[in-house]
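Only one structure is covered here, and it is reproduced in the block below.
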Amino acid sequence: EAAVTQSPRNKVAVTGGKVTLSCNQTNNHNNMYWYRQDTGHGLRLIHYSYGAGSTEKGDIPDGYKASRPSQENFSLILELATPSQTSVYFCASGDGQGGQNTLYFGAGTRLSVL
Amino acid sequence: GQGVEQPAKLMSVEGTFARVNCTYSTSGFNGLSWYQQREGQAPVFLSYVVLDGLKDSGHFSTFLSRSNGYSYLLLTELQIKDSASYLCAVRIGSNYQLIWGSGTKLIIKP
Numbered sequence: 023e024a025a026v027t028q029s030p031r032n033k034v035a036v037t038g039g040k041v042t043l044s045c046n047q048t049n050n051h052n053n054m055y056w057y058r059q060d061t062g063h064g065l066r067l068i069h070y071s072y073g074a075g076s077t078e079k080g081d082i083p084d085g086y087k088a089s090r091p092s093q094e095n096f097s098l099i100l101e102l103a104t105p106s107q108t109s110v111y112f113c114a115s116g117d118g119q120g121g122q123n124t125l126y127f128g129a130g131t132r133l134s135v136l
Numbered sequence: 026g027q028g029v030e031q032p033a034k035l036m037s038v039e040g041t042f043a044r045v046n047c048t049y050s051t052s053g054f055n056g057l058s059w060y061q062q063r064e065g066q067a068p069v070f071l072s073y074v075v076l077d078g079l080k081d082s083g084h085f086s087t088f089l090s091r092s093n094g095y096s097y098l099l100l101t102e103l104q105i106k107d108s109a110s111y112l113c114a115v116r117i118g119s120n121y122q123l124i125w126g127s128g129t130k131l132i133i134k135p
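Residue numbers (this note's numbering), protein chains in the order written: chain Z, 23 to 136; chain C, 26 to 135.
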């Protein structure tokens, strides 16, 4: 069964520290996305990728970097974590075929920056 | 500016129905999707509509009116397990360009 797996599921980081969130997909989808979800907000796009080696800025990229070393893996990097980056982060993949472009989400990573 | 609006909460009763509303104002429109998100879990795709009218998928039906910037998700014969948040997302351009509503939390009472 197709799957998107995120690690870690929970993370506590200190302000100014480096955090890396990992995502692996077995869907063989070209497109991958990183979102954050906060109470009162819809899902907000941080970075996305069209394939291995590509990363693009989403709507709220400041303070985040992304890396797509392979079709399967897409990482989100916080070089200098801040408390405002405390959130739940979701990775998703999609094949982008046709108009529907269904997204398949990972289970999420709950990040707390103290 | 662009936006997708959903009521924060909706309450209904087991065995009846619930209509989850979504209104949008966007610069373009290439379809609207609904996702279900249970507490502490990932969003899961439910339905996609791009043409006006009602799309009946059994337990879930989806309505769209593009001229009014309005959609709803209709859940019939509600079960307690339908308690979840329902997210609406409008696609405005290429694959990454989705604008998400903040979701409606559906609470179902016995």
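All residues carry an ideal CB built from backbone N, CA and C; glycine is no exception. These figures come from a predicted structure and were not determined experimentally.
Rounded to whole angstroms, residue 51(Z) and residue 25(Z) show a C-alpha spacing of 11 Å. Between residue 79(C) and residue 88(C), the C-beta gap is smaller than 8 Å, which places the two residues in contact.
For residue 59(Z), the enclosing beta strand (DSSP E) covers residues 53 to 59.
At least one CB atom of chain C sits nearer than 8 Å to the CB of residue 123(Z). Looking only at 105(C), 68(C) and 86(C), the smallest Cα-Cα distance to residue 46(C) is reached by 86(C). In this structure the stretch 53 to 66 of chain Z touches the stretch 105 to 115 of chain Z; the number of beta carbon pairs closer than 8 Å is three or more. For residue 99(Z), the closest C-alpha among the options 33(Z), 85(Z) and 49(Z) is that of 85(Z).
Against chain Z, the beta carbon of residue 68(C) has neighbours under 7 Å at 127, listed in chain order.
In terms of Cα proximity to residue 107(C), the closest of 39(C), 26(C) and 51(C) is 39(C).
The three-state secondary structure of residue 105(C), taken from DSSP, is helix. For residue 78(C), the closest Cβ of chain Z is not nearer than 8 Å.
Residues of the stretch 52 to 68 of chain Z that bring their beta carbon within less than 7 Å of a beta carbon in chain C comprise 53, 55, 62, 63, 64, 65 and 67, in sequence order. Contact note: residue 125(C) reaches chain Z through 64 and 65, using a C-beta cutoff of 7 Å and chain order.
In the DSSP annotation of this structure, the continuous segment of the beta strand (DSSP E) that includes residue 43(C) starts and ends at 43 to 50. Taking C-beta separations shorter than 8 Å and ignoring five residues to either side along the sequence, the partners of residue 62(C) in its chain run 68, 69, 109, 110, 111, 112 and 128, following chain order.
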